[in-house]
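Engineer:
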Amino acid sequence: DSGVTQTPKHLITATGQRVTLRCSPRSGDLSVYWYQQSLDQGLQFLIHYYNGEERAKGNILERFSAQQFPDLHSELNLSSLELGDSALYFCASSVGAGPPSADTQYFGPGTRLTVL
Amino acid sequence: DQQVKQNSPSLSVQEGRISILNCDYTNSMFDYFLWYKKYPAEGPTFLISISSIKDKNEDGRFTVFLNKSAKHLSLHIVPSQPGDSAVYFCAASRGRAGTASKLTFGTGTRLQVTL
Numbered sequence: 001d002s003g004v005t006q007t008p009k010h011l012i013t014a015t016g017q018r019v020t021l022r023c024s025p026r027s028g029d030l031s032v033y034w035y036q037q038s039l040d041q042g043l044q045f046l047i048h049y050y051n052g053e054e055r056a057k058g059n060i061l062e063r064f065s066a067q068q069f070p071d072l073h074s075e076l077n078l079s080s081l082e083l084g085d086s087a088l089y090f091c092a093s094s095v096g097a098g099p100p101s102a103d104t105q106y107f108g109p110g111t112r113l114t115v116l
Numbered sequence: 117d118q119q120v121k122q123n124s125p126s127l128s129v130q131e132g133r134i135s136i137l138n139c140d141y142t143n144s145m146f147d148y149f150l151w152y153k154k155y156p157a158e159g160p161t162f163l164i165s166i167s168s169i170k171d172k173n174e175d176g177r178f179t180v181f182l183n184k185s186a187k188h189l190s191l192h193i194v195p196s197q198p199g200d201s202a203v204y205f206c207a208a209s210r211g212r213a214g215t216a217s218k219l220t221f222g223t224g225t226r227l228q229v230t231l
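Heads up: the sequence lines are chains S and L, in that order.
Just so you know, we're using my numbering here: the first sequence kicks off at 1 and counts up by one.
Just so you know, we're using my numbering here: the second sequence kicks off at 117 and counts up by one.
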């Protein structure tokens with residue numbers, strides 16, 4: 001158990017809908033990262049928040065948005081869902097905002113999103 | 117554009133033998149490399165890492181080798197145990213870039229250790 005929690009574990013929804021994925025970091029961690037793993041793909045970096053502020057952005061679609069709240073939990077909002085958005089969404093956390101050489105990222109168990 | 121590649125989707129090794137997982141990268145700006153291990157229904161777990169200033173890093177049964185000129189790294193597991201059966205992801209980062217925190221992952225290699 002990494003200490004990172006993600007809810008829900010599974011989510012099934014229809015095209016065009018909007019969903020919210022939630023992540024709670026490990027106790028004491030200030031950074032939250034979101035990754036997407038589509039079928040037969042590696043994990044793709046989406047976005048990084050540190051202590052409530054956006055620090056880095058990857059290839060995140062405009063239909064997707066995220067935020068980190070004062071209690072440090074984070075939410076990833078996915079809207080106007082398409083079939084291709086079906087994937088595993090992982091959240092990770094780390095203590096600081098440094099590079100991975102200084103700041104190990106600990107991953108949650110993921111949320112499996114299925115868009116029908 | 118897949119900057120980190122794991123060309124072997126799967127690998128089967130007998131218990132007690134050596135497992136060698138390979139990873140290639142194309143971006144010469146990467147300066148830190150990691151291996152993560154993933155069991156079903158769990159998130160990836162950090163295993164071992166190596167900085168670009170080294171060519172080898174060892175931690176118990178796990179050793180990572182880095183060949184910068186070939187842009188290639190490998191993970192050796194000796195001896196392999198049934199509990200090592202999992203998907204292994206290679207990842208890389210650029211320490212000095214604006215997105216220094218970003219990890220770029222390969223597609224993973226599924227290792228099965230047989231009795």
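For glycine and all other residues, C-beta sits at the position ideal for the given N, C-alpha and C.
My assumption, with CB atoms under 8 Å, is that R26(S) sits in contact with V4(S). Please give the rounded CB distance.
Structural biologist: Against the first sequence, residue 26(S) aligns to sequence position 26. Against the first sequence, residue 4(S) aligns to sequence position 4. Yes, they are in contact, since the Cβ atoms of R26(S) and V4(S) sit about 6 Å apart, within 8 Å.
Engineer: Are the C-beta of S101(S) and some C-beta of chain L separated by less than 8 Å?
Structural biologist: Translated into the one-based positions of the first sequence, residue 101(S) becomes position 101. Closer than 8 Å to some Cβ of chain L, the Cβ of S101(S) qualifies, so yes.
Engineer: Taking F90(S) as the query, report the chain L residues whose CB atoms sit under 8 Å from its CB, ordered along the chain.
Structural biologist: Taking the first sequence and counting its residues from 1, the one referred to as residue 90(S) is at position 90. By Cβ distance, chain L contributes G159 and P160.
Engineer: With 7 Å as the C-beta to C-beta threshold (strictly closer), list the residues of the stretch 49-72 of chain S near chain L in chain order.
Structural biologist: So the close ones are R55, A56 and G58.
Engineer: Assess contact between the stretch 124-139 of chain L and the stretch 63-77 of chain S, defined as three or more Cβ pairs (one per stretch) separated by less than 8 Å. Is contact present?
Structural biologist: With the cut-off at 8 Å, the stretch 124-139 of chain L and the stretch 63-77 of chain S do not touch.
Engineer: Does any C-beta atom of chain L lie closer than 8 Å to the C-beta of L43(S)?
Structural biologist: Counted from its first residue, the first sequence places residue 43(S) at position 43. Yes, contact with chain L.
Engineer: Under the assumption that L117(S) contacts F205(L) (Cβ atoms under 8 Å), give the Cβ distance between them as a whole number of angstroms.
Structural biologist: No information on residue 117(S) is available, as it lies outside the stretch 1 to 116 that chain S covers here.
Engineer: Among L231(L), A157(L), P198(L) and V194(L), which has the Cα closest to the Cα of I134(L)?
Structural biologist: One-based indexing of the second sequence puts residue 134(L) at position 18. Nearest C-alpha to I134(L): V194(L).
Engineer: Which residues does DSSP list as the beta-bridge partners of N77(S)?
Structural biologist: Mapped onto the first sequence, residue 77(S) falls at position 77. Bridge partners of N77(S): T20(S) and S65(S).
Engineer: Among the residues of its own chain, which have a CB less than 6 Å from the CB of N77(S), if the five just before and after it don't count?
Structural biologist: Numbered from its first residue, the first sequence carries residue 77(S) at position 77. These residues qualify, in order along the chain: T20 and S65.
Engineer: Grab me the residues of R226(L)'s own chain with a C-beta within less than 6 Å of its C-beta, minus the 5 sequence neighbours each way, in chain order.
Structural biologist: As a working mapping, residue 226(L) is identified with position 110 in the second sequence. Only S126 and V203 meet the Cβ criterion.
Engineer: Could you tell me whether any Cβ in chain S is nearer than 8 Å to the Cβ of Y148(L)?
Structural biologist: In the second sequence, residue 148(L) corresponds to position 32, counting from 1. For Y148(L), the answer is yes, since a Cβ of chain S falls inside 8 Å of its Cβ.
Engineer: Quick one: using the 10 Å Cβ neighbour count with 16 as the cut-off for buried, is K218(L) buried or exposed?
Structural biologist: Along the second sequence, read from residue 1 onward, the residue named residue 218(L) stands at position 102. Under this definition K218(L) is a buried residue.
Engineer: Between I12(S) and S86(S), what straight-line distance do the alpha-carbon atoms span, to the nearest angstrom?
Structural biologist: Residue mapping note: residue 12(S) aligns to position 12 of the first sequence, counting from 1. Residue mapping note: residue 86(S) aligns to position 86 of the first sequence, counting from 1. In a straight line, the C-alpha of I12(S) is about 9 Å away from that of S86(S).
Engineer: Please find out if some non-hydrogen atom of the ligand COA comes closer than 7 Å to the beta-carbon of S128(L).
Structural biologist: Ligands in the displayed structure: none, and consequently the ligand COA is not present.
Engineer: Find out if the Cβ-Cβ distance for the pair S165(L), Y141(L) is shorter than 8 Å.
Structural biologist: Translated into the one-based positions of the second sequence, residue 165(L) becomes position 49. Translated into the one-based positions of the second sequence, residue 141(L) becomes position 25. Against a cut-off of 8 Å, the Cβ pair of Y141(L) and S165(L) comes out as no contact.
Engineer: Are the CB atoms of S209(L) and F146(L) nearer to each other than 8 Å?
Structural biologist: Position 93 of the second sequence holds residue 209(L). Position 30 of the second sequence holds residue 146(L). Yes. Within cutoff.
Engineer: Can you tell me whether L83(S) is helix, strand or coil according to DSSP?
Structural biologist: Here residue 83(S) refers to the residue found at position 83 of the first sequence. Helix at L83(S).
Engineer: Rounding to the nearest angstrom, what Cα-Cα distance links D175(L) and H192(L) in this structure?
Structural biologist: For the purposes of this step, residue 175(L) is taken as residue 59 along the second sequence, with counting starting at 1. For the purposes of this step, residue 192(L) is taken as residue 76 along the second sequence, with counting starting at 1. Straight-line Cα distance between these residues: approximately 10 Å.
Engineer: Work out the CA separation of K153(L) and D29(S) for me, nearest whole Å.
Structural biologist: Counting from one through the first sequence, the residue named residue 29(S) turns up at place 29. Counting from one through the second sequence, the residue named residue 153(L) turns up at place 37. Computed Cα separation, rounded: 21 Å.
Engineer: Measure the CB-CB distance between G16(S) and S94(S) and report whether it falls below 8 Å.
Structural biologist: For the purposes of this step, residue 16(S) is identified with residue 16 of the first sequence, where counting begins at 1. For the purposes of this step, residue 94(S) is identified with residue 94 of the first sequence, where counting begins at 1. In this structure, S94(S) does not lie closer than 8 Å to G16(S) by Cβ.
Engineer: So, at 7 Å on beta carbons, what are the nonlocal neighbours of S201(L) in its own chain, with the 5 sequence-adjacent residues on each side left out?
Structural biologist: As a first step, residue 201(L) is located in the second sequence; it is residue number 85 there, counting from the start. Counting only Cβ-Cβ distances below 7 Å, and skipping sequence neighbours, we find L227, Q228 and V229.
Engineer: In three-state terms, what does DSSP make of D140(L)?
Structural biologist: Position 24 of the second sequence holds residue 140(L). Strand.
Engineer: If you reduce the DSSP assignment to three classes, tell me which class D175(L) lands in.
Structural biologist: In the second sequence, residue 175(L) corresponds to position 59, counting from 1. D175(L): strand per DSSP, three-state reduction.
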